[in-house]
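Peer 1: What follows is a single structure, and I will ask about it in a moment.
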Amino acid sequence: MGRVVLSIFTTVDGVIENPHEWTFQFVSPDAMKAGLDQIRAADALLLGRVTYDGFAAAWPSMTDEAGYADRMNSLPKYVITTTLDKGDWNNTTVIRDNPAQRIAQLKKEIEGDILIFGSAALVRWLLREQLIDELRLVTYPVVAGKGARLFDESVDSTVLRLTASQAFSSGVLALTYEPTGEGLMNPAAAREAATAMAED
Numbered sequence: 001m002g003r004v005v006l007s008i009f010t011t012v013d014g015v016i017e018n019p020h021e022w023t024f025q026f027v028s029p030d031a032m033k034a035g036l037d038q039i040r041a042a043d044a045l046l047l048g049r050v051t052y053d054g055f056a057a058a059w060p061s062m063t064d065e066a067g068y069a070d071r072m073n074s075l076p077k078y079v080i081t082t083t084l085d086k087g088d089w090n091n092t093t094v095i096r097d098n099p100a101q102r103i104a105q106l107k108k109e110i111e112g113d114i115l116i117f118g119s120a121a122l123v124r125w126l127l128r129e130q131l132i133d134e135l136r137l138v139t140y141p142v143v144a145g146k147g148a149r150l151f152d153e154s155v156d157s158t159v160l161r162l163t164a165s166q167a168f169s170s171g172v173l174a175l176t177y178e179p180t181g182e183g184l185m186n187p188a189a190a191r192e193a194a195t196a197m198a199e200d
């Protein structure tokens, strides 16, 4: 059974826009190894149209000794879009109709991770549809102050369970969460739960 896994770079204040402006000074060997391990564990990519277009323009011409680019280019790619008929990047399938049903089917067909990079609008929709199994927020020690954020008012409040954390030598922190399917407690219930724990 495959899992839909989000991997995204974010600042401490939650900005995901223009990561090229705040990530490069924090490159480190341990972070690069984690990225390579992640792409090797993936069996497919799931992308929105904007992210797909950017990747398709850049990755086919890239090479590296570690094999990251080769893996990116060879993986099956699934693009959720209503504005694209055909993808030119190697191994691309365009999903236009019944995306929730198609993704649920992909999870049955694919054994490894179905990895999402970027694609904020797609991620918000997947969260609302409860189709994301894991969120990997790679948090950079930067306050951007402005820019688009992953979570906005279109995403319902939800509780996440921290399942792993890794601090890289550069100060970057990778936090791995699973959605619990639970919403936030109302303040009265939260106070009652805190009081009960304090009394135990």
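Counting from 1, position 61 in the sequence shown corresponds to residue 61 in the numbering used here; the numbering is continuous, with no gaps. Beta carbons: idealized from backbone N, C-alpha and C, even for Gly.
In terms of alpha-carbon separation, which member of Ser170, Thr83, Tyr52 and Ala69 lies closest to Gln25?
Peer 2: Ranking Ser170, Thr83, Tyr52 and Ala69 by Cα distance to Gln25 puts Ser170 first.
Peer 1: With a threshold of 8 Å, are at least 3 pairs of Cβ atoms found where one atom belongs to the segment 1–19 and the other to the segment 133–150?
Peer 2: Verdict: yes, contact present.
Peer 1: For Glu109, which residues from the same chain have a beta carbon less than 8 Å from its beta carbon, with the 5 sequence-adjacent residues on both sides left out?
Peer 2: The residues are Gly2.
Peer 1: Please report the distance separating the alpha-carbon of Ala69 from that of Asn90.
Peer 2: Rounded to the nearest angstrom, the two C-alpha atoms are 12 Å apart.
Peer 1: On a CA-only basis, which of Gly48, Gln38 and Trp22 is nearest Ala120? Give me that one, please.
Peer 2: With distances taken between Cα atoms, Ala120 lies closest to Gly48.
Peer 1: For Leu45, which residues in the same chain have their Cβ closer than 6 Å to its Cβ, ignoring the five residues on either side in sequence?
Peer 2: Hits under 6 Å: Leu75, Lys77 and Leu115.
Peer 1: Could you say if the segment 121–133 and the segment 150–167 meet the contact criterion of at least three C-beta pairs nearer than 8 Å?
Peer 2: With the cut-off at 8 Å, the segment 121–133 and the segment 150–167 touch.
Peer 1: In whole angstroms, give me the CA-to-CA distance for Asp37 and Asp88.
Peer 2: Approximately 26 Å between the Cα atoms of the pair.
Peer 1: Which one of Pro99, Leu84 and Pro19 has the shortest CA to CA distance from Val143?
Peer 2: Taking only the C-alpha atoms, the option nearest Val143 is Pro19.
Peer 1: In terms of DSSP beta bridges, what is Gly48 paired with?
Peer 2: Answer is Ile80, bridged to Gly48.
Peer 1: Quick one: is Thr51 buried, meaning 16 or more other Cβ sit within 10 Å of its Cβ, or exposed?
Peer 2: Its Cβ being crowded by 16 or more others within 10 Å, Thr51 is buried.
Peer 1: Under 6 Å from any heavy atom of the ligand MN, does the C-beta of Arg102 make it?
Peer 2: You won't find the ligand MN in this model; it holds no ligand whatsoever.
Peer 1: Quick one, which of Pro29, Met32 and Leu162 has its alpha-carbon nearest Asp133's?
Peer 2: Residue Leu162 is the option with its Cα nearest to Asp133.
Peer 1: Could you check where the beta strand (DSSP E) with Ile8 kicks off and where it finishes?
Peer 2: Arg3 to Thr11 is the extent of the beta strand (DSSP E) around Ile8.
Peer 1: Taking only three categories from DSSP, how would you classify Glu178?
Peer 2: Here Glu178 sits in strand by DSSP.
Peer 1: Counting C-beta neighbours from all protein chains within 10 Å, is the total for Ala42 16 or more, i.e. buried, or is it exposed?
Peer 2: Ala42 comes out buried.
Peer 1: Quick one: grab the DSSP three-state call for Ile103.
Peer 2: Helix at Ile103.
Peer 1: What does a CB cutoff of less than 6 Å around Pro141 pick up in its chain, not counting 5 residues either side in sequence?
Peer 2: So the qualifying residues of the chain are Gly171.
Peer 1: Starting from Ser165, trace the beta strand (DSSP E) in both directions and tell me its first and last residue.
Peer 2: Taken as a continuous stretch (DSSP letters only), the beta strand (DSSP E) holding Ser165 covers Leu160 to Ala167.
Peer 1: Specify the secondary structure class of Ile132 as computed by DSSP and reduced to three states.
Peer 2: Looking at Ile132 - three-state DSSP - the assignment turns out to be coil, as it is neither helix nor strand.
Peer 1: What does DSSP give as the partner residues of Ile114 in its beta bridges?
Peer 2: Val4 and Ala44, per the DSSP bridge assignment.
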